[in-house]
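Since the structure comes first, as structure tokens, the remarks are kept for the end.
There are 2 protein chains.
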Amino acid sequence: MSSTGKLANIVERIETRIDTARLVSGQRLIEADLTREFGISRSLLREAFRQLAAEGAIELVPNRGAVVRRLSRNEALELFEIRTELEGMAARRAAGRMHEPAVRHSFETATQCLFSEAQTSGAQEYIAENEAFHRAIFIAAGNDTLSDLARKMRLPLIMSQLSGALTAGILATSLEEHRSITLAILSGNAAQAEAATREHLVRATQFVSGVPESLFRSCPD
Amino acid sequence: MSSTGKLANIVERIETRIDTARLVSGQRLIEADLTREFGISRSLLREAFRQLAAEGAIELVPNRGAVVRRLSRNEALELFEIRTELEGMAARRAAGRMHEPAVRHSFETATQCLFSEAQTSGAQEYIAENEAFHRAIFIAAGNDTLSDLARKMRLPLIMSQLSGALTAGILATSLEEHRSITLAILSGNAAQAEAATREHLVRATQFVSGVPESLFRSCPD
DNA sequence: TTGTGTTAGATTGTCGGACAATATTGTGGG
DNA sequence: CCCACAATATTGTCCGACAATCTAACACAA
Chain F
1 MSSTGKLANI VERIETRIDT ARLVSGQRLI EADLTREFGI SRSLLREAFR QLAAEGAIEL
61 VPNRGAVVRR LSRNEALELF EIRTELEGMA ARRAAGRMHE PAVRHSFETA TQCLFSEAQT
121 SGAQEYIAEN EAFHRAIFIA AGNDTLSDLA RKMRLPLIMS QLSGALTAGI LATSLEEHRS
181 ITLAILSGNA AQAEAATREH LVRATQFVSG VPESLFRSCP D
Chain R
222 MSSTGKLANI VERIETRIDT ARLVSGQRLI EADLTREFGI SRSLLREAFR QLAAEGAIEL
282 VPNRGAVVRR LSRNEALELF EIRTELEGMA ARRAAGRMHE PAVRHSFETA TQCLFSEAQT
342 SGAQEYIAEN EAFHRAIFIA AGNDTLSDLA RKMRLPLIMS QLSGALTAGI LATSLEEHRS
402 ITLAILSGNA AQAEAATREH LVRATQFVSG VPESLFRSCP D
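See the structure below:
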């Protein structure tokens, strides 16, 4: 657990609501409501808002307060292009660390559900598993700063925003790619792991290109 | 100019002081001093602190307030490894955009001082020029999200923290590498631009490895 | 002298209320 | 139905308060 302070707690709670789509993209966060609900002061909530905004979870519009972040198509594409690099790097490094038992073990544990019988049912469940999978790669890469950076890219947020365009076929393809990546990493083949990961991300980028305009925010003000 | 609010202004002013080493790594920021100096309330200052912390400029230690961020060696190395990827990507993309007149022109303008007679004198001046150069690459890459990310890596901050280990030789080598990168980008040779940039970053990483322990923070708490 | 416990002061964490500025909503007239 | 305008809701910023915690000075014993 990071900071044990009250504020960190609030930040986490709001973050969780966003990542689990209990708060959806574009939704407005009214100070009065949240202070009442959490039983905290406006000062504290506003500090939490600042932090959440700097971390990319919400957006602060002058004189209009906080809204759950909603990406434009261009922002989403930029984000996925960056992820392609960072996650390629992470997969490469992760593969190179699979000979360390502790690293290997925790990666195996985190990915074993990919090979279980249980089918992923809904979009919401997929989003959570997807996030867990990608996080596992970053953790296995052993660069904490990188993990932090990846977290700030808000994968669950954007997937939730685009969830209306997720089809069963896409989920199946994604799952298959996750398996390939996992096998490449576990085999210790860094080049293959990086290549598979980049392919996966390129496909995700193409997916974003095809999502109907209505799911995005119009102007990136 | 981004947000026109009062808070954004305060954030910028503190940021500038850090980037120009008027506030140095590890230095403590006392709320009472800054509220008096800026003529603002504690609420506002504390919101600014939150944002600066989330952006990596300062660190908030529970019950001890804000200090200008001071990296451990490991954090610095992690940061440079990430930069190697992101800046390689940026250089590649920048090279691919040099045929667009506007992009080319602004990149040429930003880099022309690299080829002027004027020698960089002190470390402080080098740090500023170094930041400007690297930012120019990210801007030329045409991915705003990426530029933002790069900014949050706080190059001036870390260079300032390590400035005690900068020698004339290092500055000269760096300048030479900057020139090579610039030429590769201007030539539109993406592969070469990326390679040269990665080499430059790898050398920077090696530099970090050799810096005496005293310039780093001990435990990354 | 040096180490140590204590106490006073400095600083932060959080709260509550206040008020102007701005945004949103509701209402009546055209 | 659309527009102007008043009423309300919400945010931006300030102030002062208080307990919790940290820091520094100081006295005292070894």
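First to last, the protein sequences are chains F and R. Last residue of the first sequence? That's 221 in this note's numbering, and every number before it is there in order. Last residue of the second sequence? That's 442 in this note's numbering, and every number before it is there in order. We treat Cβ as the ideally placed atom computed from N, Cα and C, and that holds for glycine. Every value quoted in this text rests on a predicted model; they were computed, and no experiment measured them.
Short of 6 Å from the beta carbon of F/Ile-137, and not among the five residues preceding or following it, lie these beta carbons of its own chain, in chain order: Ala-90, Ala-91 and Ala-94. Not one beta carbon of chain R lies nearer than 7 Å to the beta carbon of F/Pro-156. Within chain R, no C-beta atom comes less than 7 Å from the C-beta of F/Pro-212; the nearest is roughly 22 Å away. Annotation: R/Ile-406 to R/Gly-317 spans about 8 Å, alpha carbon to alpha carbon. For F/Gly-65, the secondary structure class from DSSP, reduced to helix, strand or coil, is strand.
Note on F/Arg-36: under 16 other CB atoms within 10 angstroms of its CB, so exposed under the neighbour-count rule.
In the structure shown, R/Arg-267 adopts helical secondary structure according to DSSP, grouped into three states. Here the C-alpha atom of F/Ala-8 lies approximately 34 Å from the C-alpha atom of R/Val-432.
Chain-ordered, the chain R residues with CB closer than 7 Å to the CB of F/Glu-55 read Ala-275. Chain F places no beta carbon closer than 7 Å to that of R/Ser-327, leaving this residue out of the contacts.
Bounds of any alpha helix (DSSP H) do not take in R/Gln-248, whose DSSP letter is neither H nor E. A distance below 8 Å between beta-carbons, with the five flanking residues on each side excluded, links R/Leu-250 to the following residues of its chain, in chain order: Ile-235, Leu-244, Phe-270, Ile-279, Gly-286, Ala-287, Val-288 and Val-289. For F/Thr-145, the enclosing alpha helix (DSSP H) has its first and last residue at 144-151. Beyond the five residues adjoining it in sequence on each side, R/Ile-303 comes within less than 8 Å, by CB distance, of Met-374 in the same chain, given in chain order.
Within the model, the alpha-carbon separation for R/Gly-343 versus F/Phe-115 is close to 58 Å. The beta carbon of F/Gly-5 sits closer than 7 Å to some beta carbon of chain R.
Not flagged as an interface residue toward chain R: F/Ile-58, since no C-beta distance is shorter than 7 Å.
Here the alpha carbon of F/Ala-193 sits roughly 21 Å from the alpha carbon of F/Phe-207.
At a Cβ-Cβ threshold of 7 Å, F/Phe-216 and F/Ser-25 do not count as neighbours.
With a beta-carbon spacing of about 6 Å, F/Leu-52 and F/Val-11 fall inside the 8 Å limit used to define contacts.
Within the region 357-370 of chain R, Asn-364, Asp-365, Thr-366, Leu-367 and Leu-370 place their CB atoms closer than 7 Å to a CB of chain F, listed in sequence order.
Bounds of any alpha helix (DSSP H) do not take in F/Ala-165, whose DSSP letter is neither H nor E.
Among the residues of the region 298-318 of chain R, those with a Cβ less than 7 Å away from any Cβ of chain F are Glu-299, Leu-300, Glu-302, Ile-303, Glu-306, Leu-307 and Met-310, in the order of the chain. R/Ser-293 sits in a strand when the DSSP states are folded into three classes. By the criterion of a C-beta distance shorter than 7 Å, R/Ala-331 is surrounded in its chain by Ala-353 and Ala-357, once the five residues flanking it on both sides are discounted. Considering only beta carbons, the part of the region 250-274 of chain R lying closer than 9 Å to chain F consists of Arg-263, Ser-264, Arg-267, Glu-268, Ala-269, Phe-270, Arg-271, Gln-272, Leu-273 and Ala-274, in chain order. Contacts with chain F at 7 Å (Cβ-Cβ) include R/Pro-283. Spanning the alpha carbons of F/Ser-163 and F/Gln-124 requires a straight line of approximately 8 Å. For a Cβ distance threshold of 9 Å, residue set Asp-365 and Thr-366 of chain R lies close to F/Glu-75, ordered along the chain. R/His-355 is the residue among R/His-355, R/Ala-242 and R/Glu-296 whose C-alpha sits nearest the C-alpha of R/Glu-398.
Linking F/Leu-77 to R/Asp-254 through their CA atoms gives a straight-line distance of about 43 Å.
Residue range 344-362 is occupied by the alpha helix (DSSP H) that includes R/Glu-350.
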